[in-house]
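*Asks:* The structure follows.
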Amino acid sequence: MTGTVKIAIRELYKIFGIDPENALKHVLDGVGKVDLLEQHGHVLGLQDINIDMYEGEITVIMGLSGSGKSTLIRHLNRLIEPTSGQVKVDGNNVLIYDEHQLRKMRRESMSMVFQKFALLPHRTVAENAGTTLQVRGFSQKEYLAEAEKWLGVVGLSGFENHYPHQLSGGMQQRVGIARALTSNSPIMLMDEAFSALDPLIRTDMQDLLLQLQDDLHKTIVFITHDLDEALKLADRLVILKDGYIVQQDEPQHILLNPCDPYIEDFVSDINRARVLKVRSVMSPLVGDTPPADAHGEVDYNDTLEDVITRSGGDTSHSYIVTRDGAQVGVLEMTNLVRALVPRVASEAGARKL
Amino acid sequence: MATYDFIFDGLGLRSWCDAGKTEDGPLSMADLLAKGDSDKESSLLDLPFPSLDALNESCGRIVQSRAMTKGVEEGFLAIKDVLRFVLDPITQPLSWLLEYTLLIFEAAPWWIMFPILMVVVYLATKSIRMVGFVTICLAFLAFIDHYSYSMQTLAIIFVCACLCVLFGVPIGIAMSRSDRMQRMTIPILDMLQTLPPFVYLIPLIFLFSVTEPKLYGIAIILYAIVPVIRLTDLGIRLVDKDVIEAADSFGMTERQKLIGVQIPLALPNIMAGINQTIMMSLAMVVIASLVSAPGLGVLVLRGIRNLELGVGLISGLGIVLLAIILDRVTKAALDRVNAAQKH
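Residue numbers (our numbering), protein chains in the order written: chain A, 1 to 353; chain B, 1001 to 1343.
In structure tokens:
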């Protein structure tokens, strides 16, 4: 599962205010976010962020509003400059890039999708999708051809000559995604890309993204405030709160082993059967002989929901778990049911503000 | 005895004042009239404001107000030659531009001018109705023999509005990019906008010969350039921050951003500015007839000078028609841009 690290963030701090350098010293001395604002008049945006983002994976950064997630994603392409720290892409620290190198990186190795679509209203859909190539100096013929190809991939064939205002929100965001794909950059930054859409359309777009990712294997950094969305998309999940990382891991692992009451509270409301996979709940095969009373085989990466559907809700069943055809473990339905209950049921009102 | 003697007496400046007392300056008529009844009973109601003139009566060392206006005048006359030496060559192209445009507009026969204007209107508005409306208005003006006057006015507006856009849009862009530039420019724009139109003419008359077209050209441009500058600045500042951020994230250069994003998105506002600029040029071109600007304004002036009521009113009507044409055509063009950019 773990490939090469594409983006590495190290000890990243961002402080908003008149004299961030000075305020940083206080933060390093242990002054908290609230005290920093009250005593020094500076806002602590990000605090000691360390993340590895792996090539070909979707890293989801989740947090409530004000947690610094949009600030964080803007550090990757330096729309916001950090107060201190490092952001390495393919091993190169982007924070020491000069204007020319930075522009080259923005043009060729990172593309971004925005919450409010940010399409150009005076250009057609195809021209919008081609913007990323046009900026790089491609001729109109070249960039329109490439744009049409990607518009087809996101399901917008036939809309090339429409204007953005003639499309629905979901379709506009498809143009936004096509625009990012047209640049052919290995990294895609998605800033709350689906948050402005209706729930049903949002689900469609999530499916579209997963489907695209199956073919394209881009390194995607996805920002969201919606835990269901995060769990659905994430290969790795980073949970931010007040500018620091509360927990980062595989979604399965966070769900089963929340390290903090904040996260326990967070994950208590979601449909665990849909997120948890067989591999997180199964017990490894003892010896080479599968139990004789197994009711069938399930895949290593099936969700628990799939298994429940298959078992018809009978908790006495057990299944043999296979991975790429080989038998790797046993799943007892009783274990499965146990995993559906949060480790510590959250109390009403325990939600931290 | 004058009212404010006590101040100078109290401060012990009497001798200083008297020492400076020279022969009175030239007397104005008001002074002469006042001389007769100088020993009038004075009451608190007559207390004059301690102005320069009032203080001058008490102390000869204080200058009179008319010395100030005289100073301004002398100051201006002193730098006049230098200013003229610098400004004359710079503004000379404006004279040529106005002369030749006027020549072309007047020389072109009506049966060529009409189709050209119709095509221009169609290109700007893409509306046959608007073309018809403009044609009828122009035909009416031609029918009542105001055609050549109208063309003169149109020619002047054409040149001045084009120059306003040519200079105004870049100034507006510069303002939108630098807060300091904006802070420095806004007071000048405020002054240009509030200064009564006649006041522009006074220094210009001293600088240039009244027979030169650039005299009224400069007056019109100074008066009409303000809205296009202001609205360009505003338009670019109002461009959606998200779109600018997106442009940055794709690695656009400043130039690509300006031409590809900011100006197109600010275009509705810039067009509104151009509409205002054209309307203000029209207002000024009438006043500029005082300094030999040809066109309908000359007829209005004749109406006032000779009390020719009919001439004045009919030419006024002609100006209204021209204003309607210009306004409607530019507004229709603006609507077209707006429709294309609906969010």
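Glycine included, each C-beta is placed from N, C-alpha and C at the ideal position.
Assign A/Lys298 to one of two classes, buried (16 or more other C-beta atoms within 10 Å of its C-beta) or exposed (fewer than that).
*Replies:* On the first sequence, residue 298 of chain A is found 298 positions in, with the first residue counted as 1. Reading off the sequence, residue 298 of chain A comes out as Val, not Lys. Answer is buried; the Cβ neighbour count reaches 16.
*Asks:* With 16 as the cutoff for other CB atoms within 10 Å, does B/Met1191 come out buried or exposed?
*Replies:* Reading the second sequence from its first residue, position 191 is the one you call residue 1191 of chain B. Looking at its Cβ environment, which holds fewer than 16 other Cβ atoms inside 10 Å, B/Met1191 is exposed.
*Asks:* Can you check whether the CB of B/Met1175 is closer than 9 Å to the CB of B/Pro1227?
*Replies:* For this step, residue 1227 of chain B is matched to residue 227 along the second sequence. For this step, residue 1175 of chain B is matched to residue 175 along the second sequence. Contact flag unset, no.
*Asks:* For B/Ile1112, count neighbouring Cβ atoms within 10 angstroms of its own Cβ and tell me buried if that reaches 16, exposed if not.
*Replies:* Here residue 1112 of chain B refers to the residue found at position 112 when the second sequence is read from its first residue. B/Ile1112 comes out exposed.
*Asks:* Quick check: the Cα distance between B/Thr1330 and B/Met1271, rounded to an integer number of angstroms?
*Replies:* By 1-based counting over the second sequence, the position of residue 1330 of chain B is 330. By 1-based counting over the second sequence, the position of residue 1271 of chain B is 271. Taking the CA atoms as reference points, B/Thr1330 sits about 8 Å from B/Met1271.
*Asks:* Assign A/Ser280 to one of three DSSP states: helix, strand, or coil.
*Replies:* Within the first sequence, residue 280 of chain A is the residue found at index 280, counting from 1. Three-state DSSP puts A/Ser280 in a helix.
*Asks:* Can you tell me whether DSSP reads B/Ile1247 as helix, strand or coil?
*Replies:* Position 247 of the second sequence, counting from 1, holds the residue named residue 1247 of chain B. A small correction: the amino acid at residue 1247 of chain B is Ala; Ile does not occupy that position in the sequence shown. Note: B/Ala1247 maps to helix in three-state DSSP.
*Asks:* At which residue ranges does the region 298 to 326 of chain A contain complete alpha helix (DSSP H) runs of 4 or more residues, listed in the order of the chain?
*Replies:* 304 to 311
*Asks:* At a CB-CB cut-off below 8 Å, which residues of chain B make contact with A/His122?
*Replies:* As a first step, residue 122 of chain A must be located in the first sequence, where it is residue number 122. Per Cβ cutoff of 8 Å: Pro1264, Leu1265, Leu1267, Ala1340, Gln1341.
*Asks:* Is the CB of B/Thr1253 under 9 Å away from at least one CB in chain A?
*Replies:* Position 253 of the second sequence holds residue 1253 of chain B. Yes, contact with chain A.
*Asks:* I'd like to know whether the C-beta atoms of A/Met282 and A/Gly329 end up nearer to each other than 9 Å.
*Replies:* Residue numbering aside, residue 282 of chain A sits at position 282 when the first sequence is read from its first letter. Residue numbering aside, residue 329 of chain A sits at position 329 when the first sequence is read from its first letter. Their beta carbons are under 9 Å apart, which means A/Met282 touches A/Gly329 by this criterion.
*Asks:* Which word fits A/Leu353, buried or exposed, when buried means at least 16 other C-beta atoms lie within 10 angstroms of its C-beta?
*Replies:* In the first sequence, residue 353 of chain A corresponds to position 353, counting from 1. Low local confidence applies: a pLDDT of 42 at A/Leu353 is under 50, so the model's placement there is unreliable, and no value is given.
*Asks:* Looking at the secondary structure, which residues open and close the beta strand (DSSP E) in which A/Arg10 lies?
*Replies:* For the purposes of this step, residue 10 of chain A is identified with residue 10 of the first sequence, where counting begins at 1. 5 to 16 is the span of the beta strand (DSSP E), which, as asked, contains A/Arg10.
*Asks:* If you measure from the beta carbon of B/Arg1014 to each beta carbon in chain A, is any gap under 9 Å?
*Replies:* The residue given as residue 1014 of chain B occupies position 14 in the second sequence. Not closer than 9 Å to any Cβ of chain A, the Cβ of B/Arg1014 fails to qualify, so no.
*Asks:* Tell me whether B/Arg1328, by its Cβ, gets closer than 8 Å to a heavy atom of the ligand GDP.
*Replies:* Questions concerning the ligand GDP fall outside what the structure shown contains, since it holds no ligand whatsoever.
*Asks:* Would you mind stating whether B/Met1284 and B/Ala1219 have Cβ atoms separated by less than 9 Å?
*Replies:* Position 284 of the second sequence holds residue 1284 of chain B. Position 219 of the second sequence holds residue 1219 of chain B. Taking 9 Å as the Cβ cut-off, B/Met1284 and B/Ala1219 qualify as a contacting pair.
*Asks:* Name the chain B residues whose beta carbon is nearer than 8 Å to that of A/Ala147?
*Replies:* Counted from its first residue, the first sequence places residue 147 of chain A at position 147. Residues of chain B passing the Cβ test: none, with the nearest at roughly 13 Å.
*Asks:* Leaving out five residues on either side along the sequence, give the residues of the same chain with a beta carbon under 6 Å from the beta carbon of B/Gln1182.
*Replies:* For the purposes of this step, residue 1182 of chain B is taken as the residue at position 182 of the second sequence. Around B/Gln1182: Met1175.
*Asks:* Could you compute how far the alpha carbon of A/Glu55 sits from the alpha carbon of A/Thr4?
*Replies:* In the first sequence, residue 55 of chain A corresponds to position 55, counting from 1. In the first sequence, residue 4 of chain A corresponds to position 4, counting from 1. Going from the Cα of A/Glu55 to the Cα of A/Thr4 covers about 6 Å.
*Asks:* For A/Gly349, count neighbouring Cβ atoms within 10 angstroms of its own Cβ and tell me buried if that reaches 16, exposed if not.
*Replies:* Position 349 of the first sequence holds residue 349 of chain A. Model confidence at A/Gly349 stands at a pLDDT of 44, short of 50, so the residue's coordinates are unreliable and nothing is read from them.
*Asks:* Just checking: is the beta-carbon of A/Lys33 within a distance shorter than 9 Å of some beta-carbon in chain B?
*Replies:* Position 33 of the first sequence, counting from 1, holds the residue named residue 33 of chain A. So, not an interface residue.
*Asks:* How about A/Gly63 and A/Leu240: do their beta carbons lie closer than 9 Å?
*Replies:* Numbered from its first residue, the first sequence carries residue 63 of chain A at position 63. Numbered from its first residue, the first sequence carries residue 240 of chain A at position 240. Going by C-beta atoms, A/Gly63 is nearer than 9 Å to A/Leu240.
*Asks:* Please tell me whether B/Ile1263 and B/Ile1157 are closer than 9 Å, where the distance is taken between their beta carbons.
*Replies:* Your numbering for residue 1263 of chain B matches position 263 in the second sequence. Your numbering for residue 1157 of chain B matches position 157 in the second sequence. The answer is no: Cβ separation not under 9 Å.
*Asks:* On the CB-based measure, 16 or more other CB atoms within 10 Å of its CB, does A/Phe222 come out buried or exposed?
*Replies:* As a working mapping, residue 222 of chain A is identified with position 222 in the first sequence. With 16 or more other Cβ atoms within 10 Å, it is buried.
*Asks:* B/Tyr1147 lies in the alpha helix (DSSP H); which residues open and close that run?
*Replies:* The count along the second sequence starts at 1 and reaches residue 1147 of chain B at position 147. First-last of the alpha helix (DSSP H) with B/Tyr1147: 1147 to 1177.
*Asks:* Who are the near neighbours of A/His202 in its chain, counting only those whose CB is closer than 6 Å to its CB and skipping five residues on each side?
*Replies:* Counted from its first residue, the first sequence places residue 202 of chain A at position 202. Note on residue identity: the sequence assigns Arg, not His, to residue 202 of chain A. Once the five neighbours on either side are set aside, the close Cβ partners of A/Arg202 are Phe194.
*Asks:* Cα separation between B/Asp1179 and A/Asn301?
*Replies:* As a working mapping, residue 1179 of chain B is identified with position 179 in the second sequence. As a working mapping, residue 301 of chain A is identified with position 301 in the first sequence. If I take the Cα positions, the gap works out to 57 Å.
*Asks:* Taking DSSP as the reference, what is the three-state secondary structure of B/Ala1333?
*Replies:* Here residue 1333 of chain B is taken as the residue at index 333 of the second sequence, counted from 1. Helix at B/Ala1333.
*Asks:* Run down chain B in chain order and give the residues with a C-beta less than 7 Å from the C-beta of A/Thr132.
*Replies:* Mapped onto the first sequence, residue 132 of chain A falls at position 132. In chain order: Phe1250.
*Asks:* Helix, strand or coil for A/Asp249, going by three-state DSSP, please let me know.
*Replies:* Taking the first sequence and counting its residues from 1, the one referred to as residue 249 of chain A is at position 249. Here A/Asp249 sits in strand by DSSP.
*Asks:* State buried or exposed for A/His75, treating a residue as buried only when at least 16 other CB atoms are found within 10 Å of its CB.
*Replies:* Reading the first sequence from its first residue, position 75 is the one you call residue 75 of chain A. Its Cβ being crowded by 16 or more others within 10 Å, A/His75 is buried.
*Asks:* Opposite A/Lys33 in the DSSP bridges: which residues?
*Replies:* For this step, residue 33 of chain A is matched to residue 33 along the first sequence. Per DSSP, none; premise fails for A/Lys33.
*Asks:* Taking C-alpha atoms, which residue in A/Met112, A/His317, A/Ala8 lies nearest to A/Asn92?
*Replies:* Counted from its first residue, the first sequence places residue 92 of chain A at position 92. Ranking the options by Cα distance to A/Asn92, first place goes to A/Ala8.
*Asks:* From B/Ile1136 to B/Val1199, what does the alpha carbon distance come to, in whole angstroms?
*Replies:* Position 136 of the second sequence, counting from 1, holds the residue named residue 1136 of chain B. Position 199 of the second sequence, counting from 1, holds the residue named residue 1199 of chain B. Going from the Cα of B/Ile1136 to the Cα of B/Val1199 covers about 37 Å.
*Asks:* How close, in whole Å, do the beta carbons of A/Leu189 and A/Leu210 come, if the pair is a contact with beta carbons under 8 Å?
*Replies:* Reading the first sequence from its first residue, position 189 is the one you call residue 189 of chain A. Reading the first sequence from its first residue, position 210 is the one you call residue 210 of chain A. Actually they do not touch by this definition, with Cβ atoms about 17 Å apart.
*Asks:* If you draw a straight line from the alpha carbon of B/Asp1248 to that of A/Leu144, how long is it in whole angstroms?
*Replies:* Indexing the second sequence from 1 puts residue 1248 of chain B at position 248. Indexing the first sequence from 1 puts residue 144 of chain A at position 144. Going from the Cα of B/Asp1248 to the Cα of A/Leu144 covers about 21 Å.
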